[in-house]
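J.: These protein sequence lines map, in sequence, to chains E and Y.
Sequential numbering from 0 applies to the first sequence in numbering that gives the first Met the number 0.
Sequential numbering from 0 applies to the second sequence in numbering that gives the first Met the number 0.
Every residue gets a Cβ at the ideal spot worked out from N, C-alpha and C, and that includes glycine.
Number of protein chains: 2
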Amino acid sequence: MPYTTKQQQAILACLERKQGQPLSAADLAAELRQDGSPVGLATIYRQLERLESTGCIHKINTEQGSYFQYCTHAEDGAGCLLLKCEGCGRIVHLDCSYLQPLYEHLEQEHHFTVDRRRTLFTGLCADCRAREERHASE
Amino acid sequence: MPYTTKQQQAILACLERKQGQPLSAADLAAELRQDGSPVGLATIYRQLERLESTGCIHKINTEQGSYFQYCTHAEDGAGCLLLKCEGCGRIVHLDCSYLQPLYEHLEQEHHFTVDRRRTLFTGLCADCRAREERHASE
DNA sequence: TTGAGAAATGAGAATCATTTTCACATTATA
DNA sequence: TATAATGTGAAAATGATTCTCATTTCTCAA
């Protein structure tokens, strides 16, 4: 029977504290070290995998590796999405009701159940778009 | 001044031939080897990067690495999306008009321009969902 | 044509996130 | 307490991607 270790608690607590902010395994390691409760990377990956499989957190894949986020509610993510800017690398988290009809359509017409907590759009934020345009006009 | 090499042509031709089917760099290498025109992996990555920056192809990030797809038209992707099944790993490509209002909303309200060719939803296809349910009920 | 210089190529080394291994520590339960 | 199960972390292994550099291929002006 599994039991709870202080590493597990520290990892989950850290993710909760940073809610809405995607963290990489390395980010987590750094955070935990700062908090005075360092945890080995192997353990961090193991725990992240476990937390993900139980639905406590969700994983987002990007070019530079994976990021993890705490899920507040069971139904969290129903209309939530992430935007990743290709310019500055930032990941922004927001809610949007426009996703609902799309998900329903995919479910009914294409028999595909979207994992709503892992939706990630790639593109450009306003700042980076402006920078690109300036660049192009030179 | 850049010139065209047979490796470049072979890579692009292969991507065109496999349209709608995302290929990894390794897939491409295997294809090209079979075609009798083997190309080094370093070159494949270099060319994929170039083709992506010119907009000829687009890149999709997954847990297992990146995949690349040929873009038919400049405006391709306006309503196209990719579904990646977490169960079987398949990537399905389809068109869907439900994306349009969402993109417009993100553009106007959140000042975020989505790169429409890189939209990827993660979830479960019908087959894998059925399998999961069978599993859970045991 | 020729040859200097610009680009491209590919084998292998380097990198970096992630996973695995394994000896050891911790906890549960008999 | 003894013992089996599980968790931990350092170090090694893995695998995708990138870098290095010697070599090849092209371009273009003389």
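Does Leu-82/E have its Cβ less than 8 Å from a Cβ in chain Y?
T.: Taking Cβ atoms only, chain Y reaches closer than 8 Å to Leu-82/E, which makes this a yes.
J.: Taking contact to mean at least 3 C-beta pairs separated by less than 8 Å, is the region 81–101 of chain Y in contact with the region 102–109 of chain E?
T.: Yes: at least three Cβ pairs fall under 8 Å.
J.: Residues in its own chain within less than 7 Å of Leu-119/Y by CB, not counting five upstream and five downstream?
T.: Hits under 7 Å: Ile-59, Leu-81 and Lys-83.
J.: May I ask you to list the residues that DSSP assigns as paired with Ser-65/Y?
T.: The partner list for Ser-65/Y (beta bridge, DSSP) reads Asn-60/Y.
J.: Any beta-carbon of chain Y closer than 8 Å to the one on Gly-19/E?
T.: Cβ-Cβ to chain Y under 8 Å: no for Gly-19/E.
J.: Candidates Gly-19/E, Gln-7/E and Leu-14/E: which alpha carbon is nearest Leu-93/E's?
T.: Cα-wise, what sits closest to Leu-93/E is Gly-19/E.
J.: Give the range of the beta strand (DSSP E) segment to which Cys-84/E is assigned.
T.: That run of the beta strand (DSSP E) goes 79–84.
J.: Note down, in chain order, every chain E residue with its Cβ under 7 Å from the Cβ of Tyr-97/Y.
T.: Per Cβ cutoff of 7 Å: Pro-100, Leu-101 and His-104.
J.: Between which two residues does the beta strand (DSSP E) containing Asp-94/Y stretch?
T.: Run containing Asp-94/Y: 90–94, per the beta strand (DSSP E) assignment.
J.: So Leu-123/E is in the beta strand (DSSP E); what residue range does that whole segment cover?
T.: From DSSP, the beta strand (DSSP E) with Leu-123/E extends over 119–124.
J.: Determine the direct distance from the alpha carbon of Phe-67/E to that of Leu-123/E, and round the result to whole angstroms.
T.: Using only the alpha carbons, I get a separation of about 21 Å.
J.: State yes or no: is the beta carbon of Ala-125/Y nearer than 8 Å to at least one beta carbon in chain E?
T.: Yes - at least one Cβ of chain E is within 8 Å of the one on Ala-125/Y.
J.: For the beta strand (DSSP E) that contains Thr-112/E, what are its first and last residues?
T.: Unbroken beta strand (DSSP E) run through Thr-112/E: 111–113.
J.: If you count every other CB in all the chains shown that lies within 10 Å of the CB of Gln-46/Y, and 16 or more means buried, which is it?
T.: Per the 10 Å Cβ criterion, buried.
J.: If distances are taken between C-alpha atoms only, which option among Gly-78/E, His-110/E and Leu-101/E comes closest to Cys-95/E?
T.: Among Gly-78/E, His-110/E and Leu-101/E, the Cα nearest to that of Cys-95/E is on Gly-78/E.
J.: Taking 8 Å as the CB-CB limit, is Asp-114/E close to chain Y?
T.: Asp-114/E counts as touching chain Y.
J.: Can you find the residues in the same chain that come closer than 8 Å, C-beta to C-beta, to Pro-37/Y, ignoring five residues on each side of it along the sequence?
T.: Excluding sequence neighbours, Pro-37/Y sits near Ala-28 and Leu-31.
J.: Exposed or buried, His-110/Y, counting other C-beta atoms within 10 Å across all chains shown (16 or more means buried)?
T.: Exposed, since its Cβ has fewer than 16 Cβ neighbours within 10 Å.
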